[in-house]
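Counting in our numbering, the sequence shown runs from 2 upward without gaps. From the three backbone atoms N, C-alpha and C, an ideal C-beta is built for every residue, glycine too.
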Amino acid sequence: MATDAANRTLRPLALVLAILLLRTVVLAGAAALLQPAGGRMLLGVVVVALDVATLLVLSRLLRRVGWSLRALLGRPLLRYDIPVAGLVALAIFVATVSGSAFAEGMVHEGAPPDPVGAEVPLWLGLWSLLVMPVTAAFAEELLYLGWALDQLAARWRPWIVVVTTALAFGFQYAALGIPSAGDAVVWAVAALFAGAVIAILRVRGVRLWAFVIGHWAFAVLGLGIPALRAALA
Numbered sequence: 002m003a004t005d006a007a008n009r010t011l012r013p014l015a016l017v018l019a020i021l022l023l024r025t026v027v028l029a030g031a032a033a034l035l036q037p038a039g040g041r042m043l044l045g046v047v048v049v050a051l052d053v054a055t056l057l058v059l060s061r062l063l064r065r066v067g068w069s070l071r072a073l074l075g076r077p078l079l080r081y082d083i084p085v086a087g088l089v090a091l092a093i094f095v096a097t098v099s100g101s102a103f104a105e106g107m108v109h110e111g112a113p114p115d116p117v118g119a120e121v122p123l124w125l126g127l128w129s130l131l132v133m134p135v136t137a138a139f140a141e142e143l144l145y146l147g148w149a150l151d152q153l154a155a156r157w158r159p160w161i162v163v164v165t166t167a168l169a170f171g172f173q174y175a176a177l178g179i180p181s182a183g184d185a186v187v188w189a190v191a192a193l194f195a196g197a198v199i200a201i202l203r204v205r206g207v208r209l210w211a212f213v214i215g216h217w218a219f220a221v222l223g224l225g226i227p228a229l230r231a232a233l234a
């Protein structure tokens, strides 16, 4: 009886950790294949495809227990969600900048190398503005702060849930620094800081819609608009 109970507890946890790890491995594999070969621009397409696949897998898992992505996300309460989303976006920004500065201070000893400019085609600028922020916001928030965090919170203490979520969120972004180990560390630490902040906010009761909107706004301002400006320059 005790063994059966332990198995019922461990199996959902193993599934959660396996899916989080699989997303990280797929993204890292794509980055390792594309970026050294000059295919960094195509990585944006792969990321969107991975986001869509993540949502499809989540939908299937939720249907097995009588739920859906819509039920997990809940109804939007815009009078609440939009103001809170602004705070979420600000928190992500502060955490990301702090994490980047901390990591670059260790990796580059306070003097990060100048980034190498690259021509951005118009299609990528539009893709980065109109598509990537949407798929990333829904896929990452529903996966990490929705399904996975709820599963972990039902079995672990809040601080363990926050640490696990932050680590998983950070590790996936290490792939964006490939093939440079130093850049991978900077990406991972910056995302880890952001992951810790949003996990704490989620544990404290912030709604998923606020995270989705806040993540989308941060991605539009931090990725989409700069990419489109570079494409039009």
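Between the C-alpha atoms of Ala33 and Leu11 there is a straight-line separation of about 32 Å.
Judged by their CB atoms, Val204 and Val162 are nearer to each other than the 8 Å cut-off.
For Glu141, the enclosing alpha helix (DSSP H) starts and ends at Met133 to Glu141. In this model, Phe194 and Phe219 are separated by some 15 Å (Cα to Cα).
Cβ contact annotation for Gly225 (same chain, cutoff 6 Å, sequence separation greater than five): Ser129, Leu130 and Pro134, in chain order. With 16 or more other CB atoms across the displayed protein chains lying within 10 angstroms of its CB, Trp217 is buried.
A distance of 8 Å or more separates the beta carbons of Phe212 and Thr25. For Ala176, the CB contacts under 6 Å within the same chain, skipping 5 residues up- and downstream, are Leu28, Ala29 and Ala32 in chain order. Distance from Ala200 to Leu150 at the Cβ level is roughly 7 Å; contact confirmed, criterion being Cβ atoms closer than 8 Å. The criterion of a C-beta distance shorter than 8 Å is not satisfied by Pro77 and Ala232. Between the C-alpha atoms of Val49 and Ala138 there is a straight-line separation of about 11 Å. Around the C-beta of Val190, 16 or more other C-beta atoms lie within 10 Å, and the residue is accordingly described as buried. Counting along the chain, the unbroken alpha helix (DSSP H) around Ile83 starts and ends at Leu79 to Val108.
In this chain, Tyr145 is not harboured by any alpha helix (DSSP H), its DSSP state being neither H nor E. Here the alpha carbon of Leu57 sits roughly 10 Å from the alpha carbon of Leu63. Annotation for Val221: Leu130 and Pro134 place their beta carbon closer than 7 Å to its own, counting only its chain and skipping 5 residues before and after.
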